[in-house]
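Reading through the structure tokens given below for one structure.
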Amino acid sequence: MFKIFGSSSAVNKKKQKDKEYAFLASVISILVGLLIAILLLFLLEFAKAESDYSKPLIGMRNYFTYSFTSATTFSKIFYNAAPLMLTGLAVGFAFKAGLFNIGATGQYTFGAFFALIAAILWQFPWWAALLVSIVAGAFWGVIPGIFKAFFNINEVITSIMLNWAGLYLVNLLFYNLPKIHTVLPNRTDNLAFTNPKAILPDFGLNQIFNTSFINIGIIIAIIVAVIIYIVLEKTVFGFEIKSCGLNKNASIYAGIKAKRTIILTMLISGGLAGLGGGIVYLAGTVQYTIESSLLSMGFSGIPVALLAYSHPLAIIATSVFIGFLESSGSGLQGLYSYEMTGVILSVIIYFSAFALIVSHFIKKVLKRKGQSDGDQGDGPVIEAVKPETDKPKEQLETKGVVG
Amino acid sequence: MDIFSILVSKTIVYAIPLLLGALAGMYSERSGIINIALEGIMIFGSLFSALFLTRGIMTSTLGQTHPQFVIFLAIIVAGVSGGLFSLLLGFAAIKLKANQVISGTALNIFAPSFAILLAYAMISQGISSIRLPRGIVMNAAFFGIDASTLPSWLNIMVFSNLYLTTPISILILIISFFVLYKTKFGLRLRSCGEHPQAADSVGINVVRMRYIGVLISGILAGIGGFAFAMANGSNHEPDVLGYGFLALAVMIFGNWKPFKILVGALFFSLFKTIAVFAATLQFLPTFGLTKVDNLYKTLPYIITLIVLAFTSKKSRAPKAEGIPYDPGQR
């Protein structure tokens with residue numbers, strides 16, 4: 000799953016080495032996250048009135064096998080991964096410009112709702128409705144960009160404000176567009192009855208596998224990820240974005256229009272999150288219901304981006320992984336609860352915040368150890384690391400890619 | 000007239016968690032650590048204090064004779080749990096020099112999930128709402144005042160929603176002002192947020208000051224979470240509905256200064272209360288829309304944005320916030 004991480008064509012060798020560290024760091028974070036999740040289950044069992052210590056192990060087994068029990072649960076991995084990938088790209092793309100788009104959930108909600116307006120009220124086909132969702136998300140995303148560029152207000156604060164404002168605005172629109180909810184008072188009409196053309200195509204696969212969670216959303220998301228990768232790595236605009244993210248003042252000095260870059264970045268970031276919303280609600284499996292708290296999908300994009308160190312192609316892998324975790328969460332229902340996924344995710348993010356530093360540290364320690372008492376690796380991690388650290392630097396830099 | 004009294008009293012009771020949260024953020028950011036985890040810490044505080052109150056302590060003799068003392072204990076529980084939780088942020092951000100926003104986000108994702116898991120384990124599988132005891136308002140009788148002698152609007156305005164958290168947080172506000180501006184400790188704390196290397200050069204232990212900043216932040220946010228639980232009624236879901244994030248906005252609104260934060264919290268809370276009561280306030284225009292309360296709910300956020308846009312020139316964040324302390328840097 001993570002092969003894509005290393006096989007991306009590297010620009011220079013220094014970057015390649017950083018990627019190795021990043022890969023190692025992500026793996027360490029994931030392992031620690033899972034370990035702590037099991038420990039926590041034991042602790043929770045301890046807190047219960049009647050403890051049964053076999054339950055955590057059964058729970059974890061169910062957790063990991065659940066996604067492979069049926070075509071529905073398996074296809075749900077990718078069904079979840081598509082919007083995660085897009086919100087992850089939204090967050091990661093903004094990260095590249097040094098912006099923290101915590102407002103992805105608001106943009107996602109906007110995109111979702113306007114896609115439904117396009118589908119139900121305007122009778123658009125699916126691709127046109129997706130375009131509408133991009134525009135709506137971009138509109139809600141560009142506002143923090145404008146505030147950042149012209150008033151220098153932290154985008155975190157504006158996008159938090161806009162998340163809630165957006166949610167209530169969507170609710171207001173919902174109530175004032177009675178044609179969008181003719182059947183139930185707080186749920187949009189089912190697309191299958193109002194406009195089947197607006198449902199994302201599945202090429203008949205759903206019927207073959209007797210499920211309803213297969214659609215081209217994941218393919219669209221992967222294509223978008225590749226486009227974002229090309230924009231970031233191969234275009235002048237991408238260079239400007241990364242340059243602004245690394246040092247805004249130096250970029251301005253070098254002649255880059257930082258304000259324009261910030262606004263455009265947030266515009267694109269919002270569009271990505273909006274598209275994510277469109278893909279979920281045009282799948283025909285869920286309807287938009289009146290919400291009183293923010294939708295979690297936008298926030299889930301943050302771990303997707305963090306775990307991938309904002310690399311667009313790595314986001315493909317991490318979103319599938321997190322899509323798997325989210326799909327697996329249902330396997331814990333009954334014994335524990337779906338929320339276990341959140342705990343695992345949070346621990347993974349917590350450790351990924353400094354895992355890069357720790358993995359550098361491990362390598363340093365190993366190097367020192369290797370110099371003092373010869374080559375005696377005693378673990379898989381050490382073996383993987385050792386050959387490189389023992390080599391002189393020039394040799395190291397000519398070395399290839401992690402498999 | 001009574002509706003205005005209710006508005007005022009609700010405004011105050013919902014301003015308290017915002018005030019505490021924003022003060023919490025202020026302590027942390029003044030020491031140089033961005034505390035985006037306020038939301039998570041508030042959830043933690045509300046969770047443990049609510050669990051503490053359900054564990055039969057209210058029905059014990061102590062709870063029957065001195066209910067306010069038990070509430071005081073719950074405040075301590077909230078503060079301690081919030082403080083301990085915030086140390087996770089401190090450890091990552093100070094000791095390991097991790098990205099503060101990322102580790103804060105991790106805590107924000109952890110807290111609500113963990114709260115539900117723990118509530119399931121402690122109460123019953125599938126039930127996460129915690130029943131808080133009723134009748135813990137500090138009413139007129141508590142102060143030895145005969146409620147019937149007061150005009151009804153005054154009684155409603157002052158005593159209908161007066162919890163122990165209200166006077167305590169006002170006390171915290173005043174103490175915060177003195178600590179921050181009139182003590183040696185406050186000066187040192189602020190210097191760590193502005194220029195830690197300079198602070199270090201005159202012998203201030205930056206790491207220690209930052210840990211203290213984060214710890215105070217956690218304690219206050221934990222209490223803020225409890226204040227939210229008290230304000231929100233007797234069936235408490237372990238969640239603070241975005242108040243932690245709003246507190247961050249209030250802190251920026253208040254320009255990292257205690258009394259301006261109070262103004263910001265009251266302002267924000269007022270609009271929020273108006274939105275809640277929009278259906279009953281006849282004089283508010285409906286613009287021909289159905290469910291117009293949703294429009295009023297957006298008002299506090301949009302007005303805050305506009306105010307921020309106009310005041311951004313004067314806005315001054317602590318200079319070194321968000322940057323891990325590196326003694327070798329100049």
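Chains A and B are the protein sequences, given in the same order. Numbering of the first sequence is given in numbering that gives the first Met the number 0, commencing with residue 0 and proceeding in unit increments. Numbering of the second sequence is given in numbering that gives the first Met the number 0, commencing with residue 0 and proceeding in unit increments. Note that CB positions come from ideal geometry on N, CA and C, so glycine has one too. Here the structure is a predicted model, which means the values were calculated and not measured.
Nearest-angstrom Cα separation, counted from residue j out to residue i
{"i": "B/Ser168", "j": "B/Ser233", "result": "21 Å"}
{"i": "A/Thr181", "j": "B/Ala274", "result": "27 Å"}
{"i": "A/Ile343", "j": "A/Lys362", "result": "26 Å"}
{"i": "B/Arg209", "j": "B/Ile122", "result": "37 Å"}
{"i": "A/Phe67", "j": "A/Phe73", "result": "5 Å"}
{"i": "B/Phe90", "j": "A/His310", "result": "27 Å"}
{"i": "B/Phe113", "j": "A/Tyr228", "result": "35 Å"}
{"i": "A/Pro379", "j": "A/Gly244", "result": "Residue placement at A/Pro379 is poorly supported in this model, since its pLDDT is 37, which falls under 50; the coordinates are not used for a value here."}
{"i": "A/Leu168", "j": "B/Pro132", "result": "35 Å"}
{"i": "B/Gln328", "j": "A/Phe138", "result": "40 Å"}
{"i": "A/Lys54", "j": "A/Leu231", "result": "47 Å"}
{"i": "A/Lys366", "j": "A/Phe360", "result": "10 Å"}
{"i": "B/Phe267", "j": "B/Tyr162", "result": "20 Å"}
{"i": "A/Val235", "j": "A/Ile255", "result": "10 Å"}
{"i": "B/Ala49", "j": "B/Phe225", "result": "7 Å"}
{"i": "B/Ile42", "j": "A/Phe208", "result": "42 Å"}
{"i": "A/Trp121", "j": "A/Ile179", "result": "10 Å"}
{"i": "B/Thr325", "j": "A/Val357", "result": "The sequence shown places Asp at residue 325 of chain B, rather than the Thr named in the question. If I take the Cα positions, the gap works out to 17 Å."}
{"i": "B/Pro317", "j": "B/Val205", "result": "15 Å"}
{"i": "A/Val26", "j": "B/Lys312", "result": "44 Å"}
{"i": "B/Phe282", "j": "B/Lys9", "result": "19 Å"}
{"i": "B/Ile70", "j": "B/Leu37", "result": "22 Å"}
{"i": "B/Ser59", "j": "B/Phe84", "result": "29 Å"}
{"i": "A/Ile314", "j": "A/Leu83", "result": "9 Å"}
Counterpart residues of residue i in DSSP-defined beta bridges
{"i": "A/Gln122", "result": "According to DSSP, A/Gln122 bridges with nothing at all."}
{"i": "B/Asn234", "result": "B/Arg130"}
{"i": "A/Thr288", "result": "A/Arg186"}
{"i": "A/Leu335", "result": "Sequence inspection shows Tyr at residue 335 of chain A; the Leu mentioned does not correspond to that position. Answer is A/Gln332."}
{"i": "B/Ser123", "result": "B/Ile126"}
Cβ neighbours of residue i in the same chain (closer than 7 Å, five flanking residues each side left out)
{"i": "B/Leu18", "result": "Ser168, Leu172, Ile260, Leu261, Ala264"}
{"i": "B/Asp1", "result": "Ser151, Trp152, Ile155"}
{"i": "B/Ser215", "result": "For the sequence presented, residue 215 of chain B should be read as Ile rather than Ser. Excluding sequence neighbours, B/Ile215 sits near Tyr26."}
{"i": "A/Ala118", "result": "Ala128, Leu190, Asn194, Ala197, Leu281"}
{"i": "A/Thr260", "result": "Ala96, Glu239, Ile240, Cys243"}
Close-in-space but distant-in-sequence residues of the same chain around residue i (CB under 6 Å, 5 per side omitted)
{"i": "A/Thr288", "result": "Asn185, Arg186"}
{"i": "B/Ala97", "result": "Ala91"}
{"i": "A/Ser28", "result": "Ile347, Phe350, Ser351, Ala354"}
{"i": "B/Pro16", "result": "Gly223, Ala226, Phe227, Tyr242"}
Own chain residues within Cβ distance below 8 Å of residue i, not counting five before or after
{"i": "A/Trp163", "result": "Gly105, Leu293"}
{"i": "B/Ser127", "result": "Ala114, Ile115, Ala118, Tyr119, Glu236, Pro237"}
{"i": "A/Leu334", "result": "Lys54, Ile57, Gly58, Asn61"}
{"i": "B/Val136", "result": "Phe158, Ser159, Asn160, Leu161, Tyr162"}
{"i": "A/Ser295", "result": "Thr104"}
Presumed contact (8 Å Cβ cut-off) between residue i and residue j, rounded CB distance
{"i": "B/Ile222", "j": "B/Ala77", "result": "5 Å"}
{"i": "A/Ala135", "j": "A/Phe109", "result": "5 Å"}
{"i": "A/Leu305", "j": "A/Leu85", "result": "A/Leu305 to A/Leu85, Cβ: 16 Å. No contact."}
{"i": "A/Ser336", "j": "B/Leu116", "result": "6 Å"}
{"i": "A/Pro143", "j": "A/Ser158", "result": "5 Å"}
{"i": "A/Ala80", "j": "A/Gly322", "result": "3 Å"}
{"i": "A/Ser132", "j": "A/Phe150", "result": "Actually they are not in contact, since the Cβ atoms of A/Ser132 and A/Phe150 sit about 28 Å apart, beyond 8 Å."}
{"i": "A/Ile219", "j": "A/Ile152", "result": "Wrong, their Cβ atoms sit about 33 Å apart, outside the cutoff."}
{"i": "B/Ile35", "j": "B/Asn107", "result": "7 Å"}
{"i": "B/Thr297", "j": "B/Ala248", "result": "B/Thr297 to B/Ala248, Cβ: 14 Å. No contact."}
**Asked** Of the residues that make up the segment 47-78 of chain A, which ones have a beta carbon closer than 7 Å to any beta carbon in chain B?
**Response** Lys47
**Item:** Proximal residues, the segment 72-105 of chain B versus chain A, C-beta separation under 8 Å
**Value:** Cβ contacts with chain A: Leu87, Ala91, Leu95, Lys96, Ala97, Asn98, Val100, Ile101, Ser102, Thr104, Ala105.
**Message:** Give me the subset of the segment 110-125 of chain A whose CB atoms are less than 8 Å from a CB atom of chain B, sorted by chain position.
**Reply:** none
**Item:** the segment 119-133 of chain B: positions lying closer than 7 Å to chain A by Cβ
**Value:** Tyr119, Ala120, Met121
**Prompt:** Using a Cβ cut-off of 7 Å, which residues of the segment 239-262 of chain B contact any Cβ in chain A, in chain order?
**Reply:** Leu240, Gly241, Phe244, Leu247, Ala248, Ile251
**Message:** Short of 8 Å Cβ to Cβ, which residues in the segment 214-248 of chain A face chain B?
**Reply:** none
**Item:** Residues in the segment 164-186 of chain A having any Cβ partner in chain B nearer than 7 Å
**Value:** Ala164, Tyr167, Leu168, Asn170, Leu171, Tyr174, Asn175
**Message:** Using a Cβ-Cβ cutoff of 9 Å, what residues of the segment 22-38 of chain A are near chain B? List them in chain order.
**Reply:** Within the segment 22-38 of chain A, contact with chain B at the beta-carbon level (separation under 9 Å) is assigned to no residue.
**Message:** Under 7 Å, CB to CB, which of the residues in the segment 291-317 of chain B have a partner in chain A?
**Reply:** Asn293, Leu294, Lys296, Thr297, Tyr300, Ile301, Thr303, Leu304, Leu307, Ala308, Ser311
**Item:** Under 9 Å (Cβ pairs) to chain A, residues found in the segment 4-24 of chain B
**Value:** none
**Members of the segment 262-287 of chain B that neighbour chain A once the beta carbon cut-off is set at 7 Å** = none
**Message:** Taking beta-carbon pairs under 8 Å, can you tell me which members of the segment 302-331 of chain A lie near chain B?
**Reply:** Per Cβ criterion, the list reads Pro302, Leu305.
**Item:** Under 9 Å (Cβ pairs) to chain B, residues found in the segment 257-269 of chain A
**Value:** If the cut-off is 9 Å between Cβ atoms, the segment 257-269 of chain A has nothing near chain B.
**Where the segment 140-161 of chain A meets chain B: residues whose CB sits under 9 Å from a CB there** = Hits within the stretch, in order: Ile142, Phe146, Phe149, Phe150, Asn151, Ile152, Asn153, Val155, Ile156, Thr157, Ile159, Met160, Leu161.
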